[in-house]
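J.:
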Amino acid sequence: MVSIRFRYLDKFSYQDDIFEQLLITAEWQAWETVWLFRLPSIATNPSVPVVLFESGCNIHNSTNCRKACSTKRTMFKSPETLWNCLSIAAVAAMTEGENAPHRINETESVTFMETFNPGPLNRFHKLGVLARYSRCALQSCSDPRFQGCPSELWEDKFQYVPFNLTSIEDLGRVMGEEYCAKADPGIDFDIAGPGILVAYLMQFLIVLVFAVAYKTTKTWIRNFSLAFLLPFKGPTKAVKTAIRWQNFVAKSKFSIAAGAALVDLQEAQAIFLAVVSTAAIIAFSSSSSAGLANISSSLSWLANNIILRGVVSAGMYPLLFIQLILHKTHNRWWYTLFLVILNWVLMLIITQPDVVGVESLEKHVKKTNDVNRCGGNAGPRAYCQTLNLRFRNISVGLSDDSLVSSGSLSSLGSNITSDVLGSKNGNPYLLKQNVESYFRFHSRVQAPIHTIMIFLILDWMNSVLKAQWFEPDTWLYGRVNVLIQRSPTRLQRFLEGRYFWLLTEALWISMEVLSVAMGIIGVKEFQDFLSVLQDGKEGDKSDIHISNWSFGQLVAACVWFPTILKFLCLNVGGILPSLRKRVGDMIEITYRIENERLISDVALESLIPSESIERNHTDDVETNRLTPRRSWERIDT
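The sequence shown begins at 535 in the numbering used here and counts up one residue at a time.
Structure representation (structure tokens):
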């Protein structure tokens, strides 16, 4: 038999802390502690003084636990009040009755009764505190969004009075170990449903196929043919043969269709990503709804935020890869670059390191989890999470000294050795769906995107300057010539020599390789997350099964079909007949004749209102131009 003693505190001493981009407030931590760990700590550690809060049980500016614990409205009013009610109910069950295993310390009994006014302890069980608490927990997890309740919680011993020490220990074990085991992280399928993930995977695949087809018909046949023919035919004949082969392929319907489809694909994926990003920004920035209507807990908010950052970041690399190819082949259309920059800006907004407080979610969580048996408050399932760092390294075998220890979130469980830490050693509290593992790389790393974007912008600016540079009688033309004449001879030779050209080519290749490598990592993370949605498995076997295909998911998965069908149609009918059917009544569409002088990029023509801009010699060597070009002339009427 243990003599139960008491310790009085004013309030919880937790401190606000930041986990990822979420500010976990002290009050949120207090609610989590009371809901899930109050009973396990008091039932398994009777020798540790029971902590009671003087700020709890406040009824009309006076402390009266009997009145405060008699109704669900007052009992669930604050975490301190709920703590006191559960504590007194557990103490009464442990010390009252003929076979009570413990007793209250007589010297502290008077102070306890006078301070908290609980009434006779042998009648406290009639208030139904523990039954009201278990019914609240049962209704909270019965919400279909939360993936069900522990089967043991439905048993009669938790729904009716009186409770004994055994039933208190069992209820504490269920709440501390099993209650959160099946907690759904609350993934919003509008952000990362299976259809949307399949659409992203299709995007990666289509981009790779179209890019390979485009590069093959534009430069790869020439380059590989030249490398193969040089040992046999010598430089002159090898170059002529390679260019002839390249020209033959470049004029084919497949080559022209690949070029047209590549631009269509760039437009489609840019708009797709921009729409997803814009909708997400509007949703998460809405203070009235605390982000998304489907968010049901702080864990749900964090899970969706991490997923969104990973999805948007990973989806940028196919966009950047296509834009690199367009720039490299001198198709620097200003509007495609504008769309890429727009998506970049949206990604920066989504991935900004601003901290969001849990208090901004509390009203929304209480509204969406309005549990009648919990007094209209959010039930305990809303507090199931992997966010609270204090409980990351412990089991439920903790005491009041641990629960209310200093406000530091990392100080709890100082007597726990490192051998028993972590989920791998069976921590029953850690959720089987660990949201930190979702898009672990792309949700945190965006530096490669910034690097490629800066490279594209600088390349476009360089092209604009070059276009003006080679235009005679312009201010830039004169200034550049003066600078070239005044520059050291060694610098001039370097800029005009082959080493500078090799350095430039190496820089282009490195950007393309970087985008492809990051895209491969993105595909792997998409596949891993898709398996979580389909199988309900993430690491250890999970009880969660959330493979839901809605109508919207099917539509999202079909978003790339128009681009694929157009590519196939252009291969069958040809691009020239197709264009004539669409716009032949207004303009004449013909192939460019072989000796027609090449003009500059469409982007530069439309952006710089001057006479025809001649392409520099480097561009001529790059393409020659290896593709048939259309000339559009308005018909006189």
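A virtual CB, placed ideally from N, CA and C, is assigned to each residue, including glycine.
Compare the C-alpha of E1059 against each of R541, V846, T870, S668 and name the closest.
T.: V846
J.: Output the distance between the C-alpha atoms of A772 and L880, rounded to the nearest integer angstrom.
T.: Straight-line Cα distance between these residues: approximately 48 Å.
J.: So for N996, helix, strand or coil by DSSP?
T.: In the three-state scheme derived from DSSP, where H, G and I count as helix and E and B as strand, N996 is classed as helix.
J.: Less than 9 Å between the C-beta atoms of G1107 and H976, yes or no?
T.: no
J.: With DSSP collapsed to three states, give me the class of R866.
T.: Coil, per DSSP.
J.: Per DSSP, S537 forms a beta bridge with which residues?
T.: Answer is R637.
J.: Can you tell me which of S547, W565, D544 puts its alpha carbon nearest to the alpha carbon of R915?
T.: Closest option to R915, Cα to Cα, is W565.
J.: Give the C-beta separation of I1109 and I790 to the nearest angstrom, bearing in mind that I take them to be a contact with Cβ-Cβ under 8 Å.
T.: Right, the Cβ-Cβ distance comes to about 5 Å (below 8 Å), so this counts as a contact.
J.: Rounded to whole angstroms, what is the Cα-Cα separation between D704 and Q803?
T.: 54 Å
J.: Where does the unbroken beta strand (DSSP E) through V585 begin, and where does it stop?
T.: Unbroken beta strand (DSSP E) run through V585: 584 to 587.
J.: Return the first residue and the last residue of the alpha helix (DSSP H) that L655 is part of.
T.: That residue, L655, is in no alpha helix (DSSP H); it is neither H nor E in DSSP.
J.: Based on the DSSP secondary-structure assignment, which residues constitute the bridge partners of Y917?
T.: The secondary-structure analysis by DSSP pairs Y917 with nothing; it has no beta-bridge partner.
J.: Can you give the beta carbon distance from S786 to T775, rounded, assuming they're within the 8 Å contact cut?
T.: The Cβ separation is near 18 Å, so there is no contact.
J.: Alpha carbon to alpha carbon, what distance is there between K601 and F658?
T.: 11 Å
J.: With H, G and I counted as helix, E and B as strand and the rest as coil, what does DSSP make of K1075?
T.: Residue placement at K1075 cannot be trusted, given a pLDDT of 40 that sits under 50; what the coordinates show is reported in the next sentence. If DSSP states are grouped into helix, strand and coil, K1075 belongs with the strands.
J.: Determine the direct distance from the alpha carbon of T615 to that of I816, and round the result to whole angstroms.
T.: 38 Å
J.: On the DSSP bridge list, what partners appear for Y1190?
T.: Given that the chain is displayed from residue 535 to residue 1171, the structure contains no residue 1190 and the question cannot be resolved.
J.: Counting only runs of 4+ residues fully inside the region 672 to 715, write out the alpha helix (DSSP H) ranges in chain order.
T.: Runs of alpha helix (DSSP H) with 4 or more residues, each lying fully within the region 672 to 715, are found at 699 to 707, listed in chain order.
J.: Hey, how far is the Cα of T578 from the Cα of G909?
T.: 28 Å
J.: Counting Cβ pairs closer than 8 Å, one from the region 579 to 598 and one from the region 540 to 560, do we hit at least three?
T.: Touching, yes.
J.: Quick one: residues in its chain with C-beta nearer than 6 Å to the C-beta of G960, no 5 flanking neighbours on either side, listed in chain order?
T.: Residue placement at G960 is flagged as unreliable, the pLDDT there being 41, under the threshold of 50; the coordinate-derived value follows with that caveat. Hits under 6 Å: none found.
J.: Got a sec, what are the start and stop residues for the alpha helix (DSSP H) Q780 sits in?
T.: 755 to 784
J.: Beta-carbon separation of I991 and I875 under 9 Å?
T.: yes
J.: Does the beta-carbon of T863 have 16 or more other beta-carbons within 10 angstroms, so that it is buried, or is it exposed?
T.: buried
J.: Is DSSP giving I859 helix, strand or coil here?
T.: DSSP places I859 within a helical segment (H, G or I) once states are collapsed to three.
J.: Are there 16 or more other CB atoms within 10 angstroms of the CB of H898, so buried, or fewer, so exposed?
T.: H898 counts as buried, since no fewer than 16 other beta carbons sit within 10 angstroms of its beta carbon.
J.: For T597, write down the residues that DSSP places opposite it in a beta bridge.
T.: N592
J.: So, helix, strand or coil for N838, using DSSP?
T.: helix
J.: Below 8 Å, is the gap between the Cβ of S831 and the nearest heavy atom of the ligand SAM?
T.: With respect to the ligand SAM, the structure offers nothing, as it holds no ligand at all.
J.: What is the DSSP secondary structure of V979, counted as helix, strand or coil?
T.: coil
J.: Could you compute how far the alpha carbon of I721 sits from the alpha carbon of P654?
T.: 48 Å
J.: DSSP state of N906, grouped into three classes?
T.: DSSP places N906 in helix when its eight states are reduced to three.
J.: Going by DSSP, what residues sit across from L799 in a beta bridge?
T.: Paired residue(s): none; L799 is not in a bridge.
J.: To the nearest angstrom, how far is the alpha carbon of N618 from that of D690?
T.: When rounded, the distance between both Cα atoms is 24 Å.
J.: The alpha helix (DSSP H) with D724 in it runs from where to where?
T.: 723 to 726
J.: Using a Cβ-Cβ distance cut-off of 9 Å, determine whether T1097 contacts chain C.
T.: Note that chain C does not occur in the displayed structure, where there is just one protein chain.
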